[in-house]
Each structure stands twice: as C-alpha cells, then as structure tokens.
Amino acid sequence: MKTQLALVEAQPGDIDLTRLPPTVDILTAARILGVGRTVAYELVREGAWPTPVIHVGRKIRVPTAPLLGLLGVRPPVA
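Following this note's numbering, the numbering of the sequence shown begins with 820 at its first residue and continues without gaps.
See the structure below:
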C-alpha cells in the first residue's frame, strides 16, 4: 500500500519553528507536517518521507532545514 502525504497547517503556537535544533525526531517532524505517528513511520519505511531522514540505530532523525524548506519557512540565520 502506498501512503500519501497531505500537508496540513500546524496550529499556531504548537511548535516554534524558529527554535528547532538541527535535527528533530520523526514524531516532531510529523507533528510539524500535520501527520500522525503511524503515517510518518509508514512513509519513512516506504521511502516516501518528503525530506531526508537519518537513521541512528533504531531512531529516526529529520534534518530541520529541509523540513522548514518544505513548508516554505527559512531557517533562522545564526
């Protein structure tokens, strides 16, 4: 089964996109994109997650910059 990703606007105040670390866990990334836990893991497993992912053992990390780019948000400049 091919899982589809439909981006949903996150509710204001849910996550401060300007204060994210360089990578976030898959559940935080899913919340930012407005998808649930199960769909997020299915998309990663199918290779259909819309940004690069980093597998560290059993953990899945998502780089913040491509995630913000997907949303059209520029990462803050240090």
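All residues carry an ideal CB built from backbone N, CA and C; glycine is no exception. The structure presented is a predicted model; accordingly, all values stated were derived computationally and were not measured.
| Query | Result |
| --- | --- |
| Tell me which residues share the same chain as P831 and place their Cβ nearer than 6 angstroms to its Cβ, disregarding the 5 neighbours each side in the sequence. | In this predicted model, P831 has a pLDDT of only 39, less than 50, meaning its place in the structure is not dependable; the value taken from the coordinates is given anyway. Nothing meets the Cβ criterion. |
| Among L846, I851, V843, which residue has its Cα nearest to the Cα of L890? | I851 |
| I'd like the list of long-range same chain contacts for L886, defined as Cβ closer than 6 angstroms, with 5 residues on each side in sequence excluded. | A848, T870 |
| With a cut-off of 8 angstroms on the beta carbons, I'd call V881 and T842 a contact; round off their distance for me. | 6 angstroms |
| Report yes if the CB atom of L839 is closer than 8 angstroms to the CB atom of A859, and no otherwise. | no |
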